[in-house]
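2 protein chains.
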Amino acid sequence: MNTPTFNIAAVERDTGLSKDVLRMWERRYGFPVPGRDSNGERCYPADQVERLRLIKRLMDMGHRPGKLIATPQEELTALSPRRSKPEVQEASENRDELEELLTLIKQHDAAAYQQAMQQRLARQGLQRFVQDTIAPLTHRVGEYWEDGSFEVFEEHLYTELTKRLLRQAISTLPGGPRAPRVLLTSVPEELHVLGLLMVEALLALEGAECIPLGTQMPLLEIGRAAQAHQADIVALSFSGAFPQRQIAGLLQQLRMILPATTALWAGGSGVARVARSDDAELISTLDDTLATLAAWRLQHS
Amino acid sequence: MNTPTFNIAAVERDTGLSKDVLRMWERRYGFPVPGRDSNGERCYPADQVERLRLIKRLMDMGHRPGKLIATPQEELTALSPRRSKPEVQEASENRDELEELLTLIKQHDAAAYQQAMQQRLARQGLQRFVQDTIAPLTHRVGEYWEDGSFEVFEEHLYTELTKRLLRQAISTLPGGPRAPRVLLTSVPEELHVLGLLMVEALLALEGAECIPLGTQMPLLEIGRAAQAHQADIVALSFSGAFPQRQIAGLLQQLRMILPATTALWAGGSGVARVARSDDAELISTLDDTLATLAAWRLQHS
DNA sequence: CGTTCAATTTGTCCTAGACAATTATCGCGT
DNA sequence: ACGCGATAATTGTCTAGGACAAATTGAACG
Numbered sequence: 164m165n166t167p168t169f170n171i172a173a174v175e176r177d178t179g180l181s182k183d184v185l186r187m188w189e190r191r192y193g194f195p196v197p198g199r200d201s202n203g204e205r206c207y208p209a210d211q212v213e214r215l216r217l218i219k220r221l222m223d224m225g226h227r228p229g230k231l232i233a234t235p236q237e238e239l240t241a242l243s244p245r246r247s248k249p250e251v252q253e254a255s256e257n258r259d260e261l262e263e264l265l266t267l268i269k270q271h272d273a274a275a276y277q278q279a280m281q282q283r284l285a286r287q288g289l290q291r292f293v294q295d296t297i298a299p300l301t302h303r304v305g306e307y308w309e310d311g312s313f314e315v316f317e318e319h320l321y322t323e324l325t326k327r328l329l330r331q332a333i334s335t336l337p338g339g340p341r342a343p344r345v346l347l348t349s350v351p352e353e354l355h356v357l358g359l360l361m362v363e364a365l366l367a368l369e370g371a372e373c374i375p376l377g378t379q380m381p382l383l384e385i386g387r388a389a390q391a392h393q394a395d396i397v398a399l400s401f402s403g404a405f406p407q408r409q410i411a412g413l414l415q416q417l418r419m420i421l422p423a424t425t426a427l428w429a430g431g432s433g434v435a436r437v438a439r440s441d442d443a444e445l446i447s448t449l450d451d452t453l454a455t456l457a458a459w460r461l462q463h464s
Numbered sequence: 164m165n166t167p168t169f170n171i172a173a174v175e176r177d178t179g180l181s182k183d184v185l186r187m188w189e190r191r192y193g194f195p196v197p198g199r200d201s202n203g204e205r206c207y208p209a210d211q212v213e214r215l216r217l218i219k220r221l222m223d224m225g226h227r228p229g230k231l232i233a234t235p236q237e238e239l240t241a242l243s244p245r246r247s248k249p250e251v252q253e254a255s256e257n258r259d260e261l262e263e264l265l266t267l268i269k270q271h272d273a274a275a276y277q278q279a280m281q282q283r284l285a286r287q288g289l290q291r292f293v294q295d296t297i298a299p300l301t302h303r304v305g306e307y308w309e310d311g312s313f314e315v316f317e318e319h320l321y322t323e324l325t326k327r328l329l330r331q332a333i334s335t336l337p338g339g340p341r342a343p344r345v346l347l348t349s350v351p352e353e354l355h356v357l358g359l360l361m362v363e364a365l366l367a368l369e370g371a372e373c374i375p376l377g378t379q380m381p382l383l384e385i386g387r388a389a390q391a392h393q394a395d396i397v398a399l400s401f402s403g404a405f406p407q408r409q410i411a412g413l414l415q416q417l418r419m420i421l422p423a424t425t426a427l428w429a430g431g432s433g434v435a436r437v438a439r440s441d442d443a444e445l446i447s448t449l450d451d452t453l454a455t456l457a458a459w460r461l462q463h464s
């Protein structure tokens, strides 16, 4: 394995830090300090890219970049989650079972994981499977990812396999015209789809008609789609990684685009800290989803 | 529906044109000409965003931006595909059936589409279903999208429903340890997953063990994943929309990261015009996939 | 008619400054 | 001691134009 160097676009791709931020850090903090090629363009060595990715991960946990960059490399161990989580422990039996499932992922044993999950699904039924297995499991994966126990590719494997399970389960639900019609998608830049699938499963179980459009729909297209499908509700998902500050503005813009009769729901861990407004219903937990659906039905009966 | 304005970041999100390009076009061509807010920052009105998206779509079809921007709005009709395609017509019966399937999508009738596809899958078997139904259908969707017959959200609906069908079909295949072990993924910025799923279906049918990691894996992570899963082959997918010029460099970098014993395959319509090299096997058609697999087996027997 | 070379087009990168939004810190009143 | 508001530090994104290389087109020539 040689040591390739990365240009600034490659570093942006691999770290998620924008070119502007990379140049700004270099100017302000003196890190990173890439070499220059014959054209005077930045060449980042692999070890600096690695450090940048670590810093990004710690930032996503709530640390400040200024501190992180000043810290020497022993911050490698300073990755204890900063957000103090009260960590309401569930019934330990269930917890242990979930840990076992994640152990299978850590061992990269896709087949065993899928089989174990299928069994759980059959035992619990779809609703409890979503609420008691997939949701806490995904949350746990997020924690493991934050404290560095999960590699990126392990998280990807978990996501991919779990997506398949959920989609398969959803496809077995009865079809036919139902109400309300819910359009499920996310805005550009937001590509986490697991939350959408969980919501879809719950709504479909409750008799709603879900129109899954995948992720990354431009705002104007969401408006068109809502009209074409005569959607009663547009449901968006924002992951915790989505820049908080943009959410309120996005919802406001979308509210202006959508007909007044179309409800706008926004869910996912990204909306937890967003201020309430008249633009959209904010849904912070999976239970809220069902409550909000019930409220909608009451209002439209 | 009011007329919201978009800041430059929102336009980048919704059009896929980078901030640099938006500013450059304004400087060079005099379009777009956004208003300015109280901070002197650009505010793009909705109609200009709309025009930019149209221009972007025509560019993806092979037109040059300079010409497009100079053209007045009647280019709306000038969207006949520029790449002259010989269009080898298939047996018209099959063609008509495919058109019917797409008509269901155009009518936004998800349930009918899924049912029709399930029937086809049962009738054709998975391999022929992939090669004779999904592949040409996806190609056709691409053409419809290019000539403006398909809206973005219709293409999304097609993709989402088809993904589900494929994943479901794959999940019914027998499990267990098989060979070779193929790691399937794509690089960051590349999020088209249908091609990967088609390849996965074909390889799984041939007895390969597929490890699906979804899309958007950073290069260094692909290396780690290949090692952790002891992959024999790393297969990447590049869609036609992926910037051609970056592909060769990416493959070269990845080749340096991977152990020499791990094969590197690159497929998808994006690699069609990439020059051959020793870094990776280029796979331009689905048939090539099976041929390349056979060649690998011959070499490792 | 094909091929090579030059001209044009086009995207990305560069520097460096400004400002607004967020977060931290301090001081005050209860 | 603790909550709250005001100031201060931090940090990301925007703006401006200049430069250059990769890709494409067009022209000249064999």
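Heads up: the sequence lines are chains A and B, in that order. Just so you know, the first sequence maps onto residues 164 to 464 in this note's numbering. Just so you know, the second sequence maps onto residues 164 to 464 in this note's numbering. Backbone N, C-alpha and C define an ideal beta-carbon position, used for all residues, glycine too.
DSSP assignment within the stretch 266 to 299 of chain B yields the following whole alpha helix (DSSP H) runs of 4 residues or more, N-terminal first: 273 to 287. For residue 447(A), the nearest beta carbon of chain B is not closer than 7 Å to its own beta carbon. Taking a cut-off of 8 Å on C-beta distances, the stretch 215 to 229 of chain A touches the stretch 291 to 311 of chain A, as three or more cross pairs fall below it.
Residue pairing of residue 207(B) in beta bridges, as defined by DSSP: 169(B). Under DSSP, the beta-bridge partners assigned to residue 400(B) are 430(B). Residue 381(A) places its beta carbon less than 7 Å from that of residue 177(B).
The C-beta of residue 440(A) comes no closer than 7 Å to any C-beta of chain B. Taking a C-beta distance under 7 Å as the contact criterion, residue 386(A) and residue 420(A) qualify as a contact pair. For residue 382(A), the enclosing alpha helix (DSSP H) has its first and last residue at 382 to 391. Pairing residue 438(A) with residue 427(A) gives a Cβ-Cβ distance that is not under 7 Å. Per DSSP, residue 444(A) lies in no alpha helix (DSSP H) segment; the continuous beta strand (DSSP E) that holds it begins and ends at 444 to 446. Within the DSSP secondary-structure output, residue 372(A) pairs in a beta bridge with 344(A).
With a cutoff of 7 Å on beta-carbon distance, residue 406(B) and residue 371(B) are scored as not near each other. The CB of residue 334(A) comes closer than 8 Å to the CB of 277, 327, 331 in chain B, given here in chain order.
Using a Cβ-Cβ distance cut-off of 8 Å, the stretch 387 to 405 of chain A and the stretch 327 to 336 of chain A are not in contact, since fewer than three pairs of beta carbons, one from each stretch, lie closer than that value. Relative to residue 327(A), the option among 304(A), 280(A), 347(A), 298(A) whose CA is nearest is 280(A). No Cβ-Cβ contact shorter than 7 Å links residue 313(A) with residue 384(B). With fewer than 16 other Cβ atoms inside 10 Å of its own Cβ, residue 270(B) counts as exposed. The DSSP-derived three-state label of residue 311(B) is coil. Per DSSP, residue 234(A) is not a residue of any alpha helix (DSSP H), being assigned neither H nor E. For residue 462(B), the uninterrupted alpha helix (DSSP H) segment begins and ends at 449 to 462.
Around the beta carbon of residue 393(B), a 10 Å sphere encloses fewer than 16 other beta carbons of the protein chains shown; the residue is thus reported as exposed. For residue 189(A), the enclosing alpha helix (DSSP H) starts and ends at 182 to 192.
Here residue 366(A) is buried: its Cβ has 16 or more other Cβ atoms, across all protein chains shown, within 10 Å. In this structure, the CA atom of residue 192(A) is about 7 Å from the CA atom of residue 232(A).
The residues 261, in chain order, have a CB closer than 6 Å to that of residue 300(B) in the same chain once the five nearest residues on each side in sequence are set aside. The DSSP-derived three-state label of residue 330(B) is helix. Residues 268, 304 of the same chain have their beta carbon placed closer than 7 Å to that of residue 321(A), with the five preceding and five following residues left out of the count. Within the same chain, 329, 361, 364, 365, 449 come within 8 Å of residue 293(B) by CB-CB distance, once the 5 residues on both sides are set aside. Among the residues of chain B, those whose CB is under 9 Å from the CB of residue 391(A) are 271, 314, 316, 317, following chain order. The residue from 396(A), 226(A), 172(A), 264(A) with its alpha-carbon nearest to that of residue 460(A) is 396(A). With contacts defined by Cβ atoms closer than 7 Å, residue 447(A) and residue 457(A) do not form a contacting pair. Annotation: residue 201(B) to residue 415(A) spans about 20 Å, alpha carbon to alpha carbon. In this structure, residue 373(A) lies away from residue 399(A), with their beta-carbon atoms at least 7 Å apart. The beta carbon of residue 356(A) sits closer than 6 Å to those of 378, all from its chain and outside the five residues before and after it, given in chain order.
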